[in-house]
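Here the structure is laid out as C-alpha cells; the discussion comes afterwards.
Residue numbers (my numbering): 83 to 447.
Following this line, the structure appears as C-alpha cells:
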C-alpha cells in the first residue's frame with residue numbers, strides 16, 4: 083500500500099485542498115482520487131482566484147456570460163458553483179461508499195460576510211440550493227458572527243465545514259454550535275444521519291506567527307515549531323471528550339455523526355521544517371487532513387507511514403499542555419496570536435475574493 087493509503091487505513095481522511103476546471107475536465111481529479119487516496123475536496127477564495135486567473139479553461143464560459151451581460155458577481159457565483167457541482171458528481175461514488183462520511187466538496191460563503199450572521203446564513207441557503215448536491219458542504223468562518231449561522235444551517239439540514247479556526251476556545255464554541263444545530267435538526271424531525279460537518283483547525287499559520295514572535299524577542303531556543311501541533315492535539319483531546327458526553331450520546335442515538343476535526347493549512351511555511359510535518363504529527367482515527375497537491379505528493383513520497391495503523395496524537399496531551407506553558411513563560415500570548423490570525427485570515431480571503439471579482443470583470447469586458 084502507498085503512504086497515503088496507509089494514512090487512510092489509520093483513520094485519516096485525505097482531502098485535496100484545491101479545485102479547478104482543468105482538474106475536472108482533464109480527468110486528473112478522478113485519477114488522483116484513486117492514486118492518492120483522495121476522498122474529499124476543499125476550496126476557498128484563494129483557490130478559485132488562482133484557478134480562474136491562471137487558466138484558459140474558463141474562457142468559453144466567460145464569453146457566454148459576457149454575451150448575456152452577466153455581472154462579475156454573478157459570473158463568479160456561476161463559475162464556482164459549477165466547479166463544485168461537477169466535483170461533487172465526481173466524488174459521489176466515494177460519498178455512497180462511505181455512507182455519507184466522505185466524498186464531500188466544500189464551497190465558501192462570500193468572505194465579506196464573515197461578520198454578518200444573517201447574510202452568511204442567507205448565502206449558505208442559496209449556495210446549498212444552487213449546487214444542489216447532497217455531498218456538498220458549505221464553509222462558514224468560525225468568527226463570533228459565524229457561530230449562529232453554523233447552528234442555523236445545520237438545523238435546516240445544510241452540511242457545514244467550519245473554517246478559519248485557530249484557538250481552542252473558539253473550537254469549543256464551534257463544537258457547541260454544531261451540537262446545537264444537530265439538536266435543532268432532530269427537534270425539526272430531520273434525518274441527521276447524512277448531515278455532515280468538519281471543524282477546520284488551521285495549523286501552519288500558528289507556527290508562522292508564534293515563531294516570528296519568539297525570534298523577535300530572542301527566546302526561540304527549542305520553542306519554534308511546537309505551537310501548532312500542540313494546539314491541534316489539544317483540539318483533538320476536546321473532540322474525544324465530547325464523544326463521551328451524554329449530550330453526544332443522545333444525538334448519536336438519532337443517527338448523528340461526529341463533527342470531525344479537519345487539519346487545514348498543512349503545507350509547511352518554514353523550509354527548515356520537514357515538508358510533511360503537519361501530516362506526520364497529526365495522525366489519529368476520525369480526522370480529516372486537507373492538503374495542497376505538493377503536500378499530498380510529498381507525503382506519498384516520503385511521509386512517515388506505517389503498516390497496521392498508527393496514532394501520533396494519542397498520549398501527547400500532557401506534552402502539548404507543557405508546550406503551551408513554556409510558550410507562555412516565553413511571553414507568547416496565544417489568545418492574541420489566534421485573534422490576529424483570525425483577522426488576517428478573513429482579510430486574506432476578502433482580498434482573494436476581490437482579486438477574483440476583478441479578474442472576472444476584466445475577462446467579461
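A virtual CB, placed ideally from N, CA and C, is assigned to each residue, including glycine.
Distance between residue j and residue i (C-alpha atoms, nearest Å)
| i | j | result |
| --- | --- | --- |
| residue 309 | residue 294 | 12 Å |
| residue 337 | residue 273 | 8 Å |
| residue 218 | residue 266 | 20 Å |
| residue 317 | residue 163 | 31 Å |
| residue 340 | residue 127 | 27 Å |
| residue 397 | residue 403 | 12 Å |
| residue 249 | residue 416 | 8 Å |
| residue 215 | residue 399 | 38 Å |
| residue 347 | residue 256 | 18 Å |
| residue 192 | residue 432 | 8 Å |
| residue 297 | residue 410 | 15 Å |
| residue 111 | residue 302 | 41 Å |
| residue 358 | residue 140 | 33 Å |
| residue 244 | residue 222 | 5 Å |
| residue 95 | residue 149 | 42 Å |
| residue 142 | residue 188 | 24 Å |
Start and end residues, alpha helix (DSSP H) containing residue i
| i | result |
| --- | --- |
| residue 115 | 110-117 |
| residue 292 | 286-299 |
| residue 419 | 416-446 |
| residue 322 | 309-324 |
| residue 254 | 250-269 |
| residue 305 | Neither: residue 305 is in no alpha helix (DSSP H) and is coded neither H nor E. |
| residue 228 | 228-237 |
| residue 101 | First-last for residue 101: undefined, no H or E at that position. |
| residue 91 | 85-91 |
For residue i: DSSP bridge partner residues
| i | result |
| --- | --- |
| residue 221 | 190, 243 |
| residue 279 | 242 |
CA nearest to the CA of residue i, picked from the options
| i | options | result |
| --- | --- | --- |
| residue 206 | 418, 238, 182 | 238 |
| residue 146 | 385, 160, 94 | 160 |
| residue 377 | 362, 413, 241 | 362 |
| residue 286 | 258, 211, 198, 373 | 373 |
| residue 226 | 289, 197, 210, 240 | 197 |
Where the beta strand (DSSP E) through residue i begins and ends
| i | result |
| --- | --- |
| residue 95 | 94-98 |
| residue 122 | 120-123 |
Neighbour flag for residue i against chain D, beta carbons, 8 Å
| i | result |
| --- | --- |
| residue 107 | Structure shown: chain D not included; a single protein chain is present. |
Exercise for review: Could you pull out every unbroken beta strand (DSSP E) segment of at least 3 residues lying fully inside the region 329-408, listed in chain order?
Suggested key: 342-346, 369-373
Exercise for review: Counting only runs of 4+ residues fully inside the region 125-205, write out the alpha helix (DSSP H) ranges in chain order.
Suggested key: 127-135, 141-149, 154-172, 174-179
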